[in-house]
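Engineer: Every letter in the sequence shown is one number past the one before it in UniProt numbering, and letter 32, counting from 1, is 32.
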Amino acid sequence: MPLELDGCKAGDTLILREVHFDNDSAKLRPESKIFLDQVARELKENPTIKVAIEGHTDNNASYDYNMNLSQNRANATRFYLVSIGVNPDQLVPKGYGFTQPIADNGTADGRALNRRVELKLVGTLVLAPAKPTKVYISTFHAKPQQLEVPVGTEVTWVNYDEISHDISFDGVMGSRIWTSPWLGNSYSLKFDQAGTYNYRCSVHKDVNGKIVVKPSVAEYVTTESPVYGGQTTSSYKAIQTREPYGG
Numbered sequence: 001m002p003l004e005l006d007g008c009k010a011g012d013t014l015i016l017r018e019v020h021f022d023n024d025s026a027k028l029r030p031e032s033k034i035f036l037d038q039v040a041r042e043l044k045e046n047p048t049i050k051v052a053i054e055g056h057t058d059n060n061a062s063y064d065y066n067m068n069l070s071q072n073r074a075n076a077t078r079f080y081l082v083s084i085g086v087n088p089d090q091l092v093p094k095g096y097g098f099t100q101p102i103a104d105n106g107t108a109d110g111r112a113l114n115r116r117v118e119l120k121l122v123g124t125l126v127l128a129p130a131k132p133t134k135v136y137i138s139t140f141h142a143k144p145q146q147l148e149v150p151v152g153t154e155v156t157w158v159n160y161d162e163i164s165h166d167i168s169f170d171g172v173m174g175s176r177i178w179t180s181p182w183l184g185n186s187y188s189l190k191f192d193q194a195g196t197y198n199y200r201c202s203v204h205k206d207v208n209g210k211i212v213v214k215p216s217v218a219e220y221v222t223t224e225s226p227v228y229g230g231q232t233t234s235s236y237k238a239i240q241t242r243e244p245y246g247g
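(1) So for Ala-103, helix, strand or coil by DSSP?
(2) Check whether the stretch 145-154 and the stretch 93-107 touch, using three or more Cβ-Cβ pairs below 8 Å as the test.
(3) Among residues of its own chain, excluding the 5 on either side of Lys-33, which ones have a beta-carbon nearer than 8 Å to its beta-carbon?
(4) Tyr-228: buried (16+ other C-beta within 10 angstroms of its C-beta) or exposed?
(5) Could you give the C-beta distance for Ala-221 and Ile-137, rounded to a whole number, given that I count them as a contact under 8 Å?
(6) Tell me the DSSP secondary structure of Lys-134 in three-state form.
(7) What are the boundary residues of the beta strand (DSSP E) that Ala-194 is part of?
(8) Tell me the rounded alpha-carbon separation between Arg-115 and Pro-47.
(9) In the DSSP assignment, find the beta strand (DSSP E) that holds Pro-244 and state where it starts and stops.
(10) Near Ala-218, what residues of its chain come up, given a Cβ to Cβ distance below 8 Å and the 5 sequence neighbours on each side ignored?
(11) Quick check on this structure: which residue in Ser-168, Met-173 and Ala-142 has the alpha carbon closest to the alpha carbon of Asn-159?
Given below as structure tokens:
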């Protein structure tokens, strides 16, 4: 059954039966990663959901051993989800050892049920509002050529060349941008989905770049504009300033 988080509320708990580890280990099995890829997609599509990743064990071995094992398994699950793009602020790992059984530890079947990872919705993550940002085109180059932004960001391309350009994404025509000193035209696009978006001018191939949209970013990057129209690539350094996002 496909995993869906949309519509879940605080306190709801999902048992991730498809998540398994090597025996007495926090190493995820390959098939578990396939399922966690689906979990990651749901968390990315619901970026304000905050969840606890809860590890549980059976009662074989000592209390301390199982507390450490369950915590390490919760940590490993979180680490994998973060490694494939989930916002780490959405995930709170916690190990409970054998303190919260859901079946009889006196039977093999019961112990198997107690060895589990749960996803519990614990609240709502407040995201910093996305800030608009700009890309400048000068002497047939886009600066910055690669830009990382959070979901919801509006990016504006401003043309400082003495010739018009267009911005096309994967062959889909965008808008013609006339030179800034003449008409002051620009082109803006809001990115509402995480992903990598490659663009180029359909006429002048050197005008190209990449917008990487993530569920969240740590820093807000501002690029200085050219001083004048047609400023040469060698003199336009596109100096960037960085500040914590939401700061």
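We put the beta carbon where it would ideally sit given N, CA and C, even for glycine.
Values in this document were obtained by computation on a predicted structure and should not be read as measured data.
Structural biologist: Here's the rundown:
(1) As a first step, residue 103 is located in the sequence shown; it is residue number 103 there, counting from the start. Three-state result, Ala-103: coil.
(2) no
(3) Within the sequence shown, numbered from 1, the residue matching residue 33 stands at position 33. If we look at Lys-33 and ignore the five residues flanking it on each side, its Cβ neighbours are Tyr-80.
(4) One-based indexing of the sequence shown puts residue 228 at position 228. Counting Cβ neighbours within 10 Å, Tyr-228 comes out exposed, since fewer than 16 surround it.
(5) As a first step, residue 221 is located in the sequence shown; it is residue number 221 there, counting from the start. As a first step, residue 137 is located in the sequence shown; it is residue number 137 there, counting from the start. Note that residue 221 is Val in the sequence shown, not Ala. Not really, about 17 Å apart at Cβ, beyond 8 Å.
(6) Indexing the sequence shown from 1 puts residue 134 at position 134. Reduced to three states, the DSSP call for Lys-134 is strand.
(7) Along the sequence shown, one-based indexing puts residue 194 at 194. Looking at the DSSP string, Ala-194 is not in any beta strand (DSSP E), and its letter there is neither H nor E.
(8) For this step, residue 115 is matched to residue 115 along the sequence shown. For this step, residue 47 is matched to residue 47 along the sequence shown. Using only the alpha carbons, I get a separation of about 28 Å.
(9) Locating residue 244 in the sequence shown gives position 244, counting from the first residue. Start and end: 240-244.
(10) Position 218 of the sequence shown holds residue 218. The answer, listed in chain order, is Pro-244 and Tyr-245.
(11) On the sequence shown, residue 159 is found 159 positions in, with the first residue counted as 1. It is Ala-142 whose Cα lies nearest to the Cα of Asn-159.
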